[in-house]
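Peer 1:
Residue numbers (my numbering): 309 to 837.
1. In whole angstroms, give me the CA-to-CA distance for residue 725 and residue 529.
2. What first and last residue would you give for the beta strand (DSSP E) that runs through residue 487?
3. Please confirm if the stretch 753-761 is in contact with the stretch 778-791, defined as three or more CB-CB distances below 8 Å between the two stretches.
4. Using DSSP with H/G/I as helix, E/B as strand and the rest coil, what is residue 683?
5. Under a three-way DSSP split, which group does residue 735 fall into?
6. How many angstroms separate the CA atom of residue 696 from the CA atom of residue 488?
7. I need the DSSP call for residue 474, collapsed to helix, strand or coil.
8. For residue 466, which option in 735, 731, 715 has the closest C-alpha, if you only look at C-alpha atoms?
9. Excluding the five sequence neighbours on either side, which residues of its own chain have a C-beta within less than 8 Å of the C-beta of residue 581, listed in chain order?
10. I need the straight-line Cα distance from residue 651 to residue 591, nearest angstrom please.
11. Of all the options 463, 549, 359, which has the alpha carbon lying nearest to the alpha carbon of residue 391?
12. Measure the C-alpha to C-alpha separation of residue 735 and residue 648 and round it to an integer number of angstroms.
13. Between residue 403 and the rest of its own chain, which residues show a CB-CB distance below 6 Å, the 5 nearest in sequence each way excluded?
14. Quick check on DSSP: helix, strand or coil for residue 406?
15. Using only the alpha-carbon positions, how far apart do residue 408 and residue 386 sit?
16. How would you write the range of the alpha helix (DSSP H) that residue 644 sits in, first residue to last?
17. Please confirm whether residue 376 and residue 676 have their CB atoms less than 8 Å apart.
18. Is residue 369 buried or exposed, if buried means 16 or more other CB atoms sit within 10 Å of its CB?
19. So what does DSSP say about residue 743, is it helix, strand or coil?
20. By the 10 Å Cβ neighbour count, where 16 or more other Cβ atoms means buried, how is residue 682 classified, buried or exposed?
21. Give me whichever residues DSSP pairs with residue 788 in a beta bridge.
22. Confirm, please, whether the CB-CB distance from residue 794 to residue 785 is below 8 Å.
23. Whole angstroms is fine: what's the gap from residue 713's alpha carbon to residue 454's?
24. From the DSSP output, read off the bridge partner residues of residue 717.
25. Roughly how many angstroms separate the alpha carbons of residue 601 and residue 478, rounded to a whole number?
26. Using a Cβ-Cβ cutoff of less than 6 Å, which residues in the same chain neighbour residue 803 once the five nearest sequence positions on both sides are dropped?
27. Among 641, 704, 629, which has the Cα closest to the Cα of residue 653?
28. Report the rounded CA-to-CA distance for residue 503 versus residue 751, giving the unit in angstroms.
29. If you drop the 5 nearest sequence neighbours on each side, which residues of the same chain put their C-beta closer than 8 Å to that of residue 760?
30. Note down the Cα distance separating residue 474 from residue 621, rounded to an integer number of angstroms.
31. Hey, how far is the Cα of residue 540 from the Cα of residue 747?
32. What would DSSP say about residue 541, mapped onto helix, strand or coil?
33. Excluding sequence positions up to five away, which residues of its chain have a Cβ less than 6 Å from the Cβ of residue 692?
34. Do residue 433 and residue 399 have their beta-carbon atoms positioned less than 8 Å apart in this structure?
35. Of the choices 543, 613, 396, 405, whose alpha-carbon is the least far from that of residue 573?
36. Taking residue 762 as part of the beta strand (DSSP E), name the residues at either end of that continuous run.
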């Protein structure tokens, strides 16, 4: 696999970070436009001052933050390059930029309470231009931008429809350009996962893109390791959801189809192979680039530590999900106590570094496009029945979670996880997530006390409580079983209006304090110059 040069001088970071010789781009006539230097000022516009400001804001603020801890190349380079000569992309970027800035300044991002006229006008313009577009690869790129727009507006079903449409195009394309395979296909592979969490029924689940990619002899860099892990994690979550009728539904006592069992066996093998390859890569890169004692250092190594952490924890969670996909009893998770403990130990070590870093960087993004750490910690808090481990996961959700990670909302995830712990251990937790008194089940609770599934309604409601207060929140259905082995659900209203609390978290993705205000002053000064 060729490593793409990022044009740094005298040698690019992409190549040198992997220990390879810098080969640079091999530029053909058809892909000359991929050789690009990040612009500081965009010259072509589709409107007036508001549009120019939105494009500049995306270039300098929104674009770099959208990928979270992932490789920013798609947002900071590929999207920006296309926006300079494809109006449909530029319209989409303006819409994203306007919604992102609104999200950063709202007390409750995603509520749609602010004026978003600029965003909607350009989103509609992009949709109109997309209808006449015949280039499948460009349609795929714009599809990702549309998904981002729907994420920012918390439109769950619309985002899922765009995701299904994009994956259908990928599957039906006879030939996909190299650049699309390298930069768009991985994004859709990761996007397919959120439909498994937020889609209502198997019909909502897009098929996986190229599920049988060959296993390499070795990993050359973290990107290759992530490509394989993205595939594994997506398949593990998909298997978990397709196993739901056999765990919770009308097929609980039926035999699991041989095809699903074979897929489970394939995942076992791929996870084992991935761990071997990743351990080899981690050892090589660690010995080449830094001493073991500095593996969680700040700066560039801090970013690498985020990537390493995400991959390692994705492996642990994938193993748990795939192994329990068809288990009728929730007690099956008890066999993976060591896996859960390793996840929390890694998060705790990383959290200490993040907290120290956050002392000088108080503002963090309120939205990222990629999935961050929230769902991983949510899995630990809701599926590990060791009380000490799950109580350790709760504060880490506040510390390491971004307010919104695509459709994952940190406030909602925290509220649901906290309530699951209270239900299962028959205990009341205080504001810090600690027991107010001794739990009825201090050890692992019996199976009939365990929550099989928690389904959160997407609509935010206002609920009048007995004290006359009107907090915002969501309805959550908790699925459990009776002692007679019958599945039932209980519905509760959970308060999720913790916007202020979320802003106090110390996300691993931090920006200088008051960065938005500083950027505004800088932009205005440049316009007056």
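Every residue, glycine too, gets a C-beta built ideally from N, C-alpha and C. Since this is a predicted model, take the numbers as computed values, not measurements.
Peer 2: Put simply:
1. So the alpha carbons of these two residues sit roughly 35 Å apart.
2. Counting along the chain, residue 487 falls outside any beta strand (DSSP E), though it belongs to the alpha helix (DSSP H) covering 486-491.
3. Counting Cβ pairs under 8 Å, three or more are found: they touch.
4. The answer is helix: DSSP assigns residue 683 an H, G or I state.
5. Three-state DSSP puts residue 735 in coil, outside helix and strand.
6. In a straight line, the C-alpha of residue 696 is about 45 Å away from that of residue 488.
7. In the three-state scheme derived from DSSP, where H, G and I count as helix and E and B as strand, residue 474 is classed as helix.
8. Of all alpha-carbon atoms in 735, 731, 715, the one lying nearest the alpha-carbon of residue 466 is that of 715.
9. Excluding positions up to five away in sequence, the list reads 523.
10. Approximately 20 Å between the Cα atoms of the pair.
11. Out of 463, 549, 359, 359 has the C-alpha closest to the C-alpha of residue 391.
12. Between the alpha carbons of residue 735 and residue 648 lies a distance of about 21 Å.
13. Non-local beta-carbon contacts of residue 403 in its own chain, meaning distances under 6 Å to residues more than five positions away in sequence, involve 427, 430, 431, 457 in chain order.
14. Reduced to three states, the DSSP call for residue 406 is helix.
15. Between residue 408 and residue 386, the alpha-carbon positions lie close to 19 Å from each other.
16. Taken as a continuous stretch (DSSP letters only), residue 644 belongs to no alpha helix (DSSP H), as it is neither H nor E.
17. Yes, these two residues count as a Cβ contact at 8 Å.
18. So residue 369 counts as buried.
19. For residue 743, the three-state secondary structure derived from DSSP is strand.
20. Buried: at least 16 other Cβ atoms inside 10 Å.
21. According to DSSP, which records beta bridges pairwise, residue 788 is partnered with 796.
22. No. Outside cutoff.
23. Spanning the two alpha carbons is a distance of roughly 16 Å.
24. By DSSP's assignment, residue 717 forms a beta bridge with 712.
25. A caution first: residue 601 carries a pLDDT of 32, below 50, which makes its placement in the model too unreliable to give a value.
26. The answer, listed in chain order, is 779, 781.
27. Check the Cα spacing between residue 653 and each of 641, 704, 629: the tightest is with 704.
28. Note on geometry: alpha-carbon atoms of residue 503 and residue 751 lie some 34 Å from one another.
29. Cβ neighbours of residue 760 beyond the five flanking positions: 555, 556, 638, 787, 788, 789, 795.
30. Roughly 28 Å separates the two Cα atoms.
31. Straight across, the Cα-Cα distance linking residue 540 with residue 747 is about 37 Å.
32. Collapsing the DSSP output to three states places residue 541 in a helix.
33. So the qualifying residues of the chain are 648, 698.
34. The answer is yes: Cβ separation under 8 Å.
35. Of the candidates 543, 613, 396, 405, the one whose C-alpha sits nearest the C-alpha of residue 573 is 543.
36. Looking at the DSSP string, the run of the beta strand (DSSP E) that includes residue 762 is 761-764.
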